[in-house]
Amino acid sequence: MDFLESYARIPKTQQRKVMGFVTKFRNDPRSSGINYEKIRDAADPHFRSVRVDQDYRGIILSPTQGNVYVLLWVDKHDAAYDWARRHACRIHPETGSLQLLDATVLEAPALPSQSFVDTGQRPLFNLRDREYLRLGVPETLLDLVKGITSEEALEQAEARLPREAFEALYLIAAGSDVQDILQEYGAPQAAAVDTSDFAGALQREQTRRSFCVVEDDQALEGMLSAPLEKWRIFLHPTQRRLVAWDVAGPVRVLGGAGTGKTVVAMHRARWLVRRGAEATPGRVLFTTFTANLAVDIQENLRHICTPEELARIEVIHIDAWVSRFLKSRQYPHQIVYEGHEQYRHCWRLALDARPVDPDLPESFYRDEWERVILPQRVTDERQYFRARRTGRGVPLTRPQRAAIWPVFETLRIQLHQRGLRTSEDATQDAADVLASDQVPPPYAAVVVDEAQDMGPQVMALLRRMVPQGKNDLFIVGDGHQRIYRRRYALSDCGIEVRGRSRKLRINYRTTEEIRRFATALLEGQTVDDLDGGEDRGSDCRSLMHGRPPVIRRFAALAEELAFLVETLSDLKGEGEGPGDICVVARTNALLDACEQALSAAGIHTHRLSRKQADARGHDGVRLATMHRIKGLEFRHVLIMAVNQDVLPLRQEMQRSTDPTEQRASELTERALFHVAATRAIRQLFVSCSGVPSPFLADFISSPLWADGAGDNR
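Note that full-length UniProt numbering has the sequence shown beginning at 1, numbered continuously upward.
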């Protein structure tokens, strides 16, 4: 992994030379054309340098025993040699993993220095020595780790700790159960570890999170053509175990934004088809809730799958699947969605049947339809009397249900007379077809991404798409990112995940500073775990650190747009490419204003559409709504117009007068802001004009806040 990071930083001319060298190196590392030179004062006697050109050198691990050669670093001559003097490779005697270490770790046992310890506090950890070793802590660092008293001190010690050891300790410090982390990160060995067997170490799970054994030229070319897209190659051991989990039944994977859920889902789909027709006898469905995310996933799968593998994976968003499936069976109805003109007309006719008592607003009927009638497939008055109304803020007696039922009855009649079916009813119709004996399940396995946005009808349909058995359903999601208000419990949909649920806790996308900001947006909100329980977001952590988010308030939109232009100019001056920057707004109208301001300033833009992937070949700063940016990531994200009546959006909050529904709408709007903020990798900018959004209230007195342009960086 370190090699790819160093490779990404060198000029393109040298990258091409490195690609040529690596190809020759892989074909025959013992070639006479490769001159291995010893490095004076190298921290590791197995390190050698190799010549890339007159100015650049590569650093290679070349053990004296075995046929193992590992390319570790590439840089200018002096910088490469300096790196070799400051690093060393060792096989951990407890875990058996190959670790790249700070050379100072190899010296005398490190004692906790004053910078790591606040002597007035208790130690942060209370583990036995053997437990520290199981987590990958080198023996020479035991005293240092046992002397750490705070998360801040742990972060200061990060540079000296192996990556896997730091991650495990960081999660324990964040409140994760020690035994869970030991089970997840610990690597008990059945036999004594041979600390000279580098070939064996490279095959171990913990090693392959940071080292990659290149198996073919296509994989090598893919690595070097996109060195920063590490998700294609490197998987955390937890992720790798989930990808290759040969399990008897459905799996649920939770995890906050940036923890790699979609990456795991894509690698899982590839794993399923790579096992061959005997293990996976048929096609694999990869489905999502939105069309744009399906487009992005299809594009990403092209990078990790062969054409033959890709041919066995069908990627489609769920509404498109339902429509296609029913049309293929001469479905006599037209499927309509919220906002369709005929659907709205049917609603107007139905609302004419509202009773005087109880006196309920129009929004109540729409919410009752979406939350009670459609999910439970209520078609007559008797069914409505028995229907569950859990979570509805307005209680109804039996006589009141009888009084309002004609509204829903009229709506169903009007839809039927016009040959219309709601998407929810159509989804259930598709499930009924699959449930019949005449239609066998169409897939060998189903992988579901962004499951939190799918309703109970969809999950019940997915259950019927695949035979019950090994590796049938793989479901990933995060209730913190639910932006379409469809809550359900998997167990109510015929999907049992007890004993087969896992959670990803390490955020690989954003900095810890951005993660904390995004998490604070949902502080105090109850978020479900997709199966009736609660999911805490506080047990996730980011390992990267960077600049804190920039929050700016302006008197008027014109000033805010001037700030946008100035910030983009600054980023360009720092060498940032336009494709690494995304400007985000809640509505298309606000995005139009941003686009016009940038065009007037001579800044080229590329607006992301719902059905088009974000191809890197397009030039220009990206523009996206908060809904469209879901599933994407950019080095720099600028969220504009976070104003009162924009977040939360006034129209959404006025949909219902029911306090319960209004709280649900506010949580959805918070989740949308959270999703947009977590798309940023390196830097997040948030701005508003006029009265700021109430979601920013907690930040007004923080150091992040500033009125006017302030210091953009």
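Even for Gly, the Cβ is constructed at its ideal location relative to N, Cα and C.
Separation of Y56 from K76, as counted between CA atoms = Locating residue 76 in the sequence shown gives position 76, where the first residue counts as 1. Locating residue 56 in the sequence shown gives position 56, where the first residue counts as 1. C-alpha separation (whole angstroms): 4 Å.
Of all the CB atoms in chain C, is at least one closer than 7 Å to the CB of N588?
-> The chain labelled as chain C is not found in the depicted structure, where only one protein chain is given.
What beta strand (DSSP E) runs, 3 residues minimum, are completely inside the segment 362-436?
-> 420-422
Are at least three pairs of beta-carbons, each pair with one atom in the segment 472-482 and one in the segment 293-307, less than 8 Å apart?
-> no
Helix or strand or just coil, what does DSSP make of V253?
-> Here residue 253 refers to the residue found at position 253 of the sequence shown. Note: V253 maps to strand in three-state DSSP.
In the DSSP assignment, find the beta strand (DSSP E) that holds F517 and state where it starts and stops.
-> Taking the sequence shown and counting its residues from 1, the one referred to as residue 517 is at position 517. It is not in any beta strand (DSSP E) - F517 instead sits in the alpha helix (DSSP H) that spans 512-520.
The beta strand (DSSP E) enclosing E559, as first and last residue numbers | The count along the sequence shown starts at 1 and reaches residue 559 at position 559. Per DSSP, E559 belongs to no beta strand (DSSP E); it is in the alpha helix (DSSP H), 557-573.
For L434 and V466, the rounded distance between their alpha carbons | As a position in the sequence shown, residue 466 is number 466, starting the count at 1. As a position in the sequence shown, residue 434 is number 434, starting the count at 1. V466 and L434: Cα-Cα distance of roughly 10 Å.
Which partner residues of L623 appear in the DSSP bridge assignment?
-> Position 623 of the sequence shown, counted from the first residue, corresponds to residue 623. Answer is V583, R607, bridged to L623.
Could you check what DSSP says for I60 in three-state terms: helix, strand or coil?
-> Counting from 1 along the sequence shown, the entry for residue 60 is found at position 60. In the structure shown, I60 sits in a strand (DSSP, three-state: E or B).
Between the segment 401-411 and the segment 352-368, do at least 3 Cβ pairs fall closer than 8 Å?
-> yes
Run of the alpha helix (DSSP H) containing R650, from where it starts to where it stops | In the sequence shown, counting from the first residue as 1, residue 650 sits at position 650. Where R650 is concerned, the enclosing alpha helix (DSSP H) stretches over 650-653.
Can you give me the start and stop residues for the alpha helix (DSSP H) that E299 sits inside?
-> In the sequence shown, residue 299 corresponds to position 299, counting from 1. Where E299 is concerned, the enclosing alpha helix (DSSP H) stretches over 291-304.
What residue range is occupied by the uninterrupted beta strand (DSSP E) comprising G477?
-> Within the sequence shown, numbered from 1, the residue matching residue 477 stands at position 477. Counting along the chain, the beta strand (DSSP E) containing G477 begins and ends at 473-477.
Put K470 into one of helix, strand or coil per three-state DSSP.
-> The residue you call residue 470 lines up with position 470 of the sequence shown. Correct three-state label for K470: coil.
Determine the burial state of P11: buried for a count of at least 16 other Cβ atoms within 10 Å of its Cβ, exposed for fewer.
-> By 1-based counting over the sequence shown, the position of residue 11 is 11. Per the 10 Å Cβ criterion, exposed.
Can you tell me which of the three DSSP states H87 falls into?
-> Locating residue 87 in the sequence shown gives position 87, counting from the first residue. H87 falls in the strand class under three-state DSSP.
Taking the DSSP output, what are the residues bridged to L684?
-> Here residue 684 refers to the residue found at position 684 of the sequence shown. V637.
For G573 and residue 736, the rounded distance between their alpha carbons = No answer is possible for residue 736: it lies beyond the span of the chain, which begins at 1 and ends at 713.
Beta-carbon proximity of A676 to M626, cut-off 7 Å = Mapped onto the sequence shown, residue 676 falls at position 676. Mapped onto the sequence shown, residue 626 falls at position 626. Against a cut-off of 7 Å, the Cβ pair of M626 and A676 comes out as a contact.
Do you know offhand how far G20's Cα is from N67's?
-> Looking up residue 20 in the sequence shown gives position 20. Looking up residue 67 in the sequence shown gives position 67. Answer to the nearest angstrom: the Cα atoms are 21 Å apart.
Expressed to the nearest angstrom, what Euclidean distance is found between the alpha-carbon atoms of D367 and P375?
-> Walking along the sequence shown from the start, residue 367 turns up at place 367. Walking along the sequence shown from the start, residue 375 turns up at place 375. For D367 and P375, the distance between alpha carbons rounds to 12 Å.
Compare the C-alpha of L473 against each of G393, D535, V686, D246 and name the closest.
-> Locating residue 473 in the sequence shown gives position 473, where the first residue counts as 1. The shortest Cα separation from L473 among G393, D535, V686, D246 belongs to D246.
So what's S501 in DSSP terms, helix, strand or just coil?
-> Translated into the one-based positions of the sequence shown, residue 501 becomes position 501. Strand, per DSSP.
When the Cα atoms are used, what is the spatial distance from S689 to G455?
-> The count along the sequence shown starts at 1 and reaches residue 689 at position 689. The count along the sequence shown starts at 1 and reaches residue 455 at position 455. If you take the alpha carbons of S689 and G455, they lie about 36 Å apart.
Nearest candidate by alpha-carbon position, reference P237, set K503, T13, E496, G602 | Indexing the sequence shown from 1 puts residue 237 at position 237. Checked all of K503, T13, E496, G602; the closest Cα to P237 is K503.
Could you work out which residue in V448, Y443, G256, A460 is closest to D432 when comparing CA atoms only?
-> Taking the first residue of the sequence shown as 1, we reach residue 432 at position 432. Selected option, being the one with the closest Cα: A460.
So is Q428 buried or exposed if we call it buried at 16+ other beta carbons inside 10 Å?
-> Translated into the one-based positions of the sequence shown, residue 428 becomes position 428. Buried.
Just tell me which of R586, S599, K630, G602 has its CA closest to the CA of Q452.
-> For this step, residue 452 is matched to residue 452 along the sequence shown. Nearest option by C-alpha distance: K630.
Considering only C-alpha positions, which residue in the set Q596, F699, A601, E512 is nearest to L171?
-> The sequence position of residue 171 within the sequence shown is 171, counting from 1. For the residues Q596, F699, A601, E512, the minimum Cα distance to L171 belongs to E512.
Would you mind stating whether V243 and R500 have Cβ atoms separated by less than 7 Å?
-> Counted from its first residue, the sequence shown places residue 243 at position 243. Counted from its first residue, the sequence shown places residue 500 at position 500. It is not a contact, given that the beta carbons lie outside the stated cut-off.
Which residues in the same chain have their Cβ closer than 6 Å to the Cβ of Q239, if we skip the five residues on either side of it in sequence?
-> Along the sequence shown, one-based indexing puts residue 239 at 239. Cβ within range, chain order: G260, V264.
Return the Cβ separation of A88 and D44 in integer angstroms, given the expectation that the two are a contact with Cβ distance under 8 Å.
-> As a working mapping, residue 88 is identified with position 88 in the sequence shown. As a working mapping, residue 44 is identified with position 44 in the sequence shown. Contact holds; Cβ gap of about 4 Å.
Could you name the residues of the same chain whose beta carbon sits closer than 7 Å to that of S176, not counting the 5 residues immediately before and after it, in chain order?
-> Position 176 of the sequence shown, counted from the first residue, corresponds to residue 176. Here the set comprises R505, D539.
Enumerated in chain order, which unbroken segments of the alpha helix (DSSP H) with a length of 4 residues or greater are wholly contained in the segment 129-172?
-> 129-134, 142-146, 151-156
Spell out the partners DSSP gives E534 in its beta bridges.
-> Within the sequence shown, numbered from 1, the residue matching residue 534 stands at position 534. Paired residue(s): D528.
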